[in-house]
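Residue numbers (UniProt numbering): 1 to 472.
Here the structure is laid out as structure tokens; the discussion comes afterwards.
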Amino acid sequence: MRAGSAKVPRSGALLVSRSRIVIVGAGFAGYKAARTLSRTLRGEAEIVLVNPNDYFLYLPLLPEVSAGVLEPRRVTVSLPGTLRGVRLVLGEVDGVDLGERKITYVDPEGEAGELSYDRLVLTVGSVNKLLPIPGVAEHAHGFRGIPEALYLRDHITRQIEMAASSEDPVESDARCTFVVVGAGYTGTEVAAHGKLFTDALAKQHRRAGNGLRGDRLPRWMLLDIAPRVLPELDERLSRTAHRVLAKRGVEVRTGMSVKEATQDGVLLDDGEFIDTQSLIWCVGVRPDPLVQETGLRSEKGRLCVDEYLRVPGHPEVYSCGDAAAVPDLTHPGQYTPMTGQHAVRQGKTLARNVAASYGYGQAQPYKHSDLGFTVDLGGVQAAANPLHVPLSGPLANAVMRAYHLAALPGNRVRVAADWLLDAVLPRQGVQLGLVRSWSVPLESSSPELAHSPAGAVSSQRSDDSDGSDRDH
Ligand SMILES: Cc1cc2nc3c(=O)[nH]c(=O)nc-3n(C[C@H](O)[C@H](O)[C@H](O)COP(=O)(O)OP(=O)(O)OC[C@H]3O[C@@H](n4cnc5c(N)ncnc54)[C@H](O)[C@@H]3O)c2cc1C
Numbered sequence: 001m002r003a004g005s006a007k008v009p010r011s012g013a014l015l016v017s018r019s020r021i022v023i024v025g026a027g028f029a030g031y032k033a034a035r036t037l038s039r040t041l042r043g044e045a046e047i048v049l050v051n052p053n054d055y056f057l058y059l060p061l062l063p064e065v066s067a068g069v070l071e072p073r074r075v076t077v078s079l080p081g082t083l084r085g086v087r088l089v090l091g092e093v094d095g096v097d098l099g100e101r102k103i104t105y106v107d108p109e110g111e112a113g114e115l116s117y118d119r120l121v122l123t124v125g126s127v128n129k130l131l132p133i134p135g136v137a138e139h140a141h142g143f144r145g146i147p148e149a150l151y152l153r154d155h156i157t158r159q160i161e162m163a164a165s166s167e168d169p170v171e172s173d174a175r176c177t178f179v180v181v182g183a184g185y186t187g188t189e190v191a192a193h194g195k196l197f198t199d200a201l202a203k204q205h206r207r208a209g210n211g212l213r214g215d216r217l218p219r220w221m222l223l224d225i226a227p228r229v230l231p232e233l234d235e236r237l238s239r240t241a242h243r244v245l246a247k248r249g250v251e252v253r254t255g256m257s258v259k260e261a262t263q264d265g266v267l268l269d270d271g272e273f274i275d276t277q278s279l280i281w282c283v284g285v286r287p288d289p290l291v292q293e294t295g296l297r298s299e300k301g302r303l304c305v306d307e308y309l310r311v312p313g314h315p316e317v318y319s320c321g322d323a324a325a326v327p328d329l330t331h332p333g334q335y336t337p338m339t340g341q342h343a344v345r346q347g348k349t350l351a352r353n354v355a356a357s358y359g360y361g362q363a364q365p366y367k368h369s370d371l372g373f374t375v376d377l378g379g380v381q382a383a384a385n386p387l388h389v390p391l392s393g394p395l396a397n398a399v400m401r402a403y404h405l406a407a408l409p410g411n412r413v414r415v416a417a418d419w420l421l422d423a424v425l426p427r428q429g430v431q432l433g434l435v436r437s438w439s440v441p442l443e444s445s446s447p448e449l450a451h452s453p454a455g456a457v458s459s460q461r462s463d464d465s466d467g468s469d470r471d472h
């Protein structure tokens with residue numbers, strides 16, 4: 001049954017009790033929209049948030065999870081615990097019926113459900129981008145959710161441990177070689193943190209006397225087809241990142257990509273074959289495939305919206321964040337880039353505009369100029385340009401950490417405590433083996449969930465823990 005909409009105006013606003021706003025996706029945009037709406041409407045409308053997990057994931061700190069700096073729960077914020085007045089429905093939306101004004105979803109136990117709406121907010125974000133390169137889908141792993149970050153942390157630890165116990169120097173070298181493709185902020189941060197992590201593990205092995213042969217430290221390569229690292233950011237940040245990576249021993253190869261990935265390694269564009277068991281795919285993201293399934297007009301997979309974040313022709317449907325092509329009023333003719341900075345601000349504007357559609361306040365166009373960017377380079381290193389002032393080294397690192405603590409909607413003390421502990425204690429080299437290679441396929445419309453061996457998203461009812469790992 002679809003809830004009714006406007007009733008009698010009250011204090012200059014329409015009474016909207018029982019009107020239902022359904023928000024699909026609780027990332028940067030959806031979380032902020034839900035929070036702002038609940039504070040603005042104060043129970044006057046039912047706010048329902050549909051998300052596969054019960055947490056908001058603070059993606060920028062994910063590289064620190066894969067490097068064992070932060071525990072995974074630190075970068076999550078409980079939805080029911082922090083969103084008052086918002087009903088959480090656990091599920092993945094698989095259909096939108098714009099005519100009937102309802103969505104269908106599948107819950108974590110595989111049951112189908114549906115929800116009618118008066119206003120629909122689509123903030124489904126993005127998924128790993130694939131390129132048509134042979135072997136990549138089978139042998140590479142992406143970096144878009146907790147399962148992938150946990151898999152990578154275990155995988156890295158396991159490679160160092162198996163390299164240390166191997167009698168075969170060729171195998172040992174291959175296990176100690178890590179190839180990251182994509183030198184945007186994700187790939188750069190993964191390589192920067194990964195190198196520090198593996199160096200620390202290798203040194204721990206050597207100190208314990210069950211070490212790797214020789215003094216050589218694990219090899220990390222960072223490839224990008226672009227002529228510089230961080231190609232989408234200010235050139236001064238690129239230079240800082242390149243310098244830090246090179247000093248740390250990460251081999252940066254620009255103008256270079258992968259021709260083929262195999263069980264044993266990676267064939268580069270120039271014909272060189274790199275023996276490795278670790279291909280980490282950070283070439284970027286593409287909008288969530290649900291956008292295409294709506295049948296609405298899209299631009300490069302992003303749902304077209306106007307500057308008020310409304311879908312043209314459907315005034316009851318709104319969208320923003322990575323999933324939406326939002327006109328960039330500061331750069332006419334362009335769309336806003338896929339960043340958390342834009343997503344969170346768009347979520348706020350979107351919520352105000354939804355509230356305005358009920359008579360609360362005035363609708364406003366989305367307009368925001370970049371405030372700069374921070375790139376975490378691990379240890380005390382970072383590159384940052386707050387308000388476009390370029391910074392590097394420990395100062396940039398302090399700015400970066402302060403920014404993340406301010407931007408996190410919860411868990412700040414726990415994150416700060418992990419940073420403090422990491423500064424004074426050795427990195428903990430333990431693999432829990434909870435996430436298997438097959439449960440984090442690169443090609444997935446739900447990178448936020450672990451999958452079962454058959455490829456389906458694992459439900460809480462099915463126990464898939466007996467499958468064997470097929471690490472490449
Ligand atoms: C490793 C990494 C580091 C990053 N670092 C930075 C940074 O430092 N600074 C910055 O500005 N940006 C950064 N970004 C980019 C930033 O995280 C994204 O731009 C931002 O998350 C987009 O917000 P969103 O709300 O559109 O999507 P998301 O945050 O991705 O949220 C989408 C939500 O929708 C849910 N969802 C998806 N499909 C469905 C469905 N069918 N049904 C129900 N729910 C669904 C997902 O589970 C998720 O909860 C980083 C990204 C990554 C991957």
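For glycine and all other residues, C-beta sits at the position ideal for the given N, C-alpha and C.
- Task: For N51, verify whether its CB is less than 6 Å away from any heavy atom of ligand 1.
- Result: Residue 51 sits at position 51 when you count from the first residue of the sequence shown. At least one heavy atom of ligand 1 is nearer than 6 Å to the Cβ of N51, so yes.
- Residue environment, K247, which counts as buried when at least 16 other CB atoms sit within 10 Å: Walking along the sequence shown from the start, residue 247 turns up at place 247. Exposed is the call here.
- Task: Confirm the yes/no value for this check: CB of A29, any heavy atom of ligand 1, distance under 6 Å.
- Result: Reading the sequence shown from its first residue, position 29 is the one you call residue 29. A29 Cβ: within cutoff of ligand 1.
- Message: ligand 1 and E92: does the residue's C-beta get closer than 6 Å to at least one heavy atom of that ligand?
- Response: Along the sequence shown, read from residue 1 onward, the residue named residue 92 stands at position 92. E92: yes, Cβ under 6 Å from ligand 1.
- Can you tell me where the alpha helix (DSSP H) with R20 in it begins and where it stops? Your numbering for residue 20 matches position 20 in the sequence shown. Unbroken run through R20 is the beta strand (DSSP E), 19-24; no alpha helix (DSSP H).
- Message: Taking 6 Å as the cut-off, is the beta-carbon of E443 closer than that to any non-hydrogen atom of ligand 1?
- Response: On the sequence shown, position 443 is the one that residue 443 refers to. Not under cutoff, so the answer is no.
- Message: I want to know whether the region 264-278 touches the region 175-183 - three or more CB-CB distances under 8 Å.
- Response: yes
- Message: Looking at A323: is its Cβ nearer than 7 Å to the Cβ of P365?
- Response: Residue mapping note: residue 323 aligns to position 323 of the sequence shown, counting from 1. Residue mapping note: residue 365 aligns to position 365 of the sequence shown, counting from 1. No, they are not a contact pair.
- Query: Between G85 and L408, what straight-line distance do the alpha-carbon atoms span, to the nearest angstrom?
  - Reply: Along the sequence shown, one-based indexing puts residue 85 at 85. Along the sequence shown, one-based indexing puts residue 408 at 408. When rounded, the distance between both Cα atoms is 20 Å.
- Query: Between P289 and D422, what straight-line distance do the alpha-carbon atoms span, to the nearest angstrom?
  - Reply: Here the question's residue 289 lines up with position 289 in the sequence shown. Here the question's residue 422 lines up with position 422 in the sequence shown. Spanning the two alpha carbons is a distance of roughly 38 Å.
- Please specify which runs of the beta strand (DSSP E), each continuous and at least 3 residues long, are wholly inside the region 342-392, giving them in chain order. 374-376, 382-384
- Message: Buried or exposed for G81, going by 16 or more other Cβ atoms inside 10 Å?
- Response: As a first step, residue 81 is located in the sequence shown; it is residue number 81 there, counting from the start. So G81 ends up on the exposed side.
- Should K348 go down as buried or exposed, given a rule of 16 or more other Cβ atoms within 10 Å for buried? Walking along the sequence shown from the start, residue 348 turns up at place 348. Buried, by the Cβ-count rule.
- Under the three-state reduction of DSSP, which class applies to Y403: helix, strand or coil? Here residue 403 is taken as the residue at index 403 of the sequence shown, counted from 1. Note: Y403 maps to helix in three-state DSSP.
- CA-CA distance, I103 and Y117? Locating residue 103 in the sequence shown gives position 103, where the first residue counts as 1. Locating residue 117 in the sequence shown gives position 117, where the first residue counts as 1. Near 8 Å, if we compare the C-alpha coordinates of Y117 and I103.
- Message: Applying the 10 Å Cβ sphere with the 16-neighbour rule, what's the burial state of P346?
- Response: The residue given as residue 346 occupies position 346 in the sequence shown. Looking at the sequence itself, residue 346 is Gln, so the reference to Pro does not match. Buried, because 16 or more other Cβ atoms sit within 10 Å of the Cβ of Q346.
- Message: Within a Cβ cutoff of 8 Å, which residues of the same chain sit near Q460, ignoring the five residues on either side of it in sequence?
- Response: As a position in the sequence shown, residue 460 is number 460, starting the count at 1. Any answer about Q460 is weak, because its pLDDT of 45 lies below 50 and its placement is not dependable; what the coordinates show is given next. Result list for Q460: P108, E109, in chain order.
- Task: If I'm right that H155 touches A261 with Cβ under 8 Å, what's the distance once you round it to whole angstroms?
- Result: Taking the first residue of the sequence shown as position 1, residue 155 is located at position 155. Taking the first residue of the sequence shown as position 1, residue 261 is located at position 261. Contact flag wrong, Cβ pair sits at about 15 Å.
- Query: Are there 16 or more other CB atoms within 10 angstroms of the CB of V68, so buried, or fewer, so exposed?
  - Reply: The count along the sequence shown starts at 1 and reaches residue 68 at position 68. A small fix is needed here, since residue 68 is Gly in this sequence, not Val. Burial call: buried.
- What are the boundary residues of the alpha helix (DSSP H) that G81 is part of? The residue you call residue 81 lines up with position 81 of the sequence shown. Where G81 is concerned, the enclosing alpha helix (DSSP H) stretches over 79-82.
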